Amino acid sequence: MSNTLNDYDNDTAYHRPVMLRECLEGLDLQPTGRYVDVTFGGGGHSARILEHLTGTGHLYSFDQDADAEREAQKLARPQFTFIRSNFRHLFRELQRHGALPVDGLLADLGVSSHQFDTPERGFSTRFDGPLDMRMNPDGDDASAADIINEYSEADLHRIFGMYGEVTNARTLAATVVAARRGQSISTIAGLKKAIAPCTPRGKENKYLAQVFQALRIEANDEMTALQEMLEQTAQVLRPGGRLVVMSYHSLEDRLVKNFIAKGKFFGEVEKDLFGRTNVPFEALTRKPVEASAEEIALNSRARSAKLRIAIRKE
34 MSNTLNDYDN DTAYHRPVML RECLEGLDLQ PTGRYVDVTF GGGGHSARIL
84 EHLTGTGHLY SFDQDADAER EAQKLARPQF TFIRSNFRHL FRELQRHGAL
134 PVDGLLADLG VSSHQFDTPE RGFSTRFDGP LDMRMNPDGD DASAADIINE
184 YSEADLHRIF GMYGEVTNAR TLAATVVAAR RGQSISTIAG LKKAIAPCTP
234 RGKENKYLAQ VFQALRIEAN DEMTALQEML EQTAQVLRPG GRLVVMSYHS
284 LEDRLVKNFI AKGKFFGEVE KDLFGRTNVP FEALTRKPVE ASAEEIALNS
334 RARSAKLRIA IRKE
């Protein structure tokens, strides 16, 4: 394998990083700074961060995916450490590596292009393959097939409605339960066939994307993991450090927005007896940054991306 950063140009087949320039500017990179990319994925953002680091500068990148770990080997150099872990263990892992505090943290949420384009991972509606969808297929978490075949109708209704925002979630859950009585549903094609009766005509792609999103979020406990990671950012970032988070659906973006604005995910901001707030971050972007039309034309995945940038208060 080559060890050049040029392996990670914007047209890499493995993963094309979204809003690369905006993310790097948001981090306000300093050559000797200490940074964290909690979503290594295909390494596109990490590679560009490393280009800015010299001397004592260092990048710590997280990912729980074995494929990502193999990609990370291409970036082997003194300024880089790959951490095979879920980002929900952010503080523990950085502390273990003697890496606290850090100057900036980047989170590019969602699924990498490589994961979408690998049929056996089960993330994409475009291929047939096993219903897996786990970010760490070597782990013990339930796969999408386990969820489809073992969850109660009530739980399926809950995840389809909450995580997929499917309008006919109740009917969909009942349809799945009825279909699995005959035989287990273990493939993408099998799931598509099972839910065909409640898939709206002319809107098949959008509907299937919502269903798959719900299963993927549940399989990876994504919402809880995101909340746990965000809650630790105030501990790991130094005062003045940058928090840069890019999300791809409204559920993620709402959590990020609320955390930056209120220091919590639900409810109103808390105030002391004098009416002062104790929110750890200050938003540098009042509205989320979105990809340009030119970038969307080159990379359709950028269409739904929303980037929020905040600074750790003194």
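Going by the working numbering, the first residue of the sequence shown is number 34, and it counts up by one from there.
Backbone N, C-alpha and C define an ideal beta-carbon position, used for all residues, glycine too.
Just so it is clear, the structure is predicted and the values come from calculations on it, not from any experiment.
Item	Value
State the start and end residues of the unbroken alpha helix (DSSP H) segment that holds Tyr184.	Run containing Tyr184: none; DSSP gives neither H nor E here.
In whole angstroms, what separates the C-alpha of Gly300 from that of Asn119?	27 Å
Under a three-way DSSP split, which group does Lys346 fall into?	coil
Note the first and the last residue of the continuous beta strand (DSSP E) segment covering Asp136.	135-141
Would you say the stretch 323-335 touches the stretch 256-267, given that touching needs at least three Cβ pairs under 8 Å?	no
With a Cβ-Cβ cutoff of 7 Å, do Ile181 and Thr208 count as a contact?	no
Restricting to runs no shorter than 4 residues, where is the alpha helix (DSSP H) found entirely within the stretch 66-101?	77-84
Can you name the start and end residues of the alpha helix (DSSP H) that Val269 belongs to?	255-269
Would you list the one or two residues that DSSP bridges to Met279?	Asp141, Leu340
Could you spell out the range, first to last residue, of the beta strand (DSSP E) harbouring Arg117?	113-117
Consult DSSP for Pro230 and reduce its assignment to one of helix, strand or coil.	helix
Bridge partners of Pro314, per DSSP?	With the sequence shown as reference, residue 314 is identified as Phe, and Pro is not the correct amino acid for it. Bridge partners of Phe314: Arg345.
Are the stretch 57-72 and the stretch 268-278 touching, with three or more C-beta to C-beta distances below 8 Å?	yes
Check for me: the alpha helix (DSSP H) holding Ala206 runs from which residue to which?	202-215
Going by Cα to Cα distance, which pick from Leu288, Phe113, Val69, Arg159 is closest to Glu237?	Arg159
Quick one: grab the DSSP three-state call for Lys297.	coil
Could you tell me how far apart the beta carbons of Asp136 and Tyr68 are, in whole angstroms, since I believe they sit closer than 8 Å?	6 Å
Gly223 by DSSP, collapsed to three states: which one?	helix
Give me whichever residues DSSP pairs with Lys304 in a beta bridge.	Thr310
Taking Cβ to Cβ, would you say Val289 is nearer than 7 Å to Arg341?	yes
Expressed to the nearest angstrom, what Euclidean distance is found between the alpha-carbon atoms of Pro170 and Ala338?	25 Å
Just list the residues that DSSP pairs Pro163 with in beta bridges.	Thr220
Sort Ala247, Pro233, Val144, Gly223 by Cα distance to Phe193 and report the nearest one.	Ala247
On a CA-only basis, which of Lys304, Ala343, Lys320 is nearest Ile293? Give me that one, please.	Ala343
Decide if Glu104 is buried, meaning its Cβ has at least 16 other Cβ atoms within 10 Å, or exposed.	buried
In whole angstroms, what separates the C-alpha of Thr318 from that of Arg214?	50 Å
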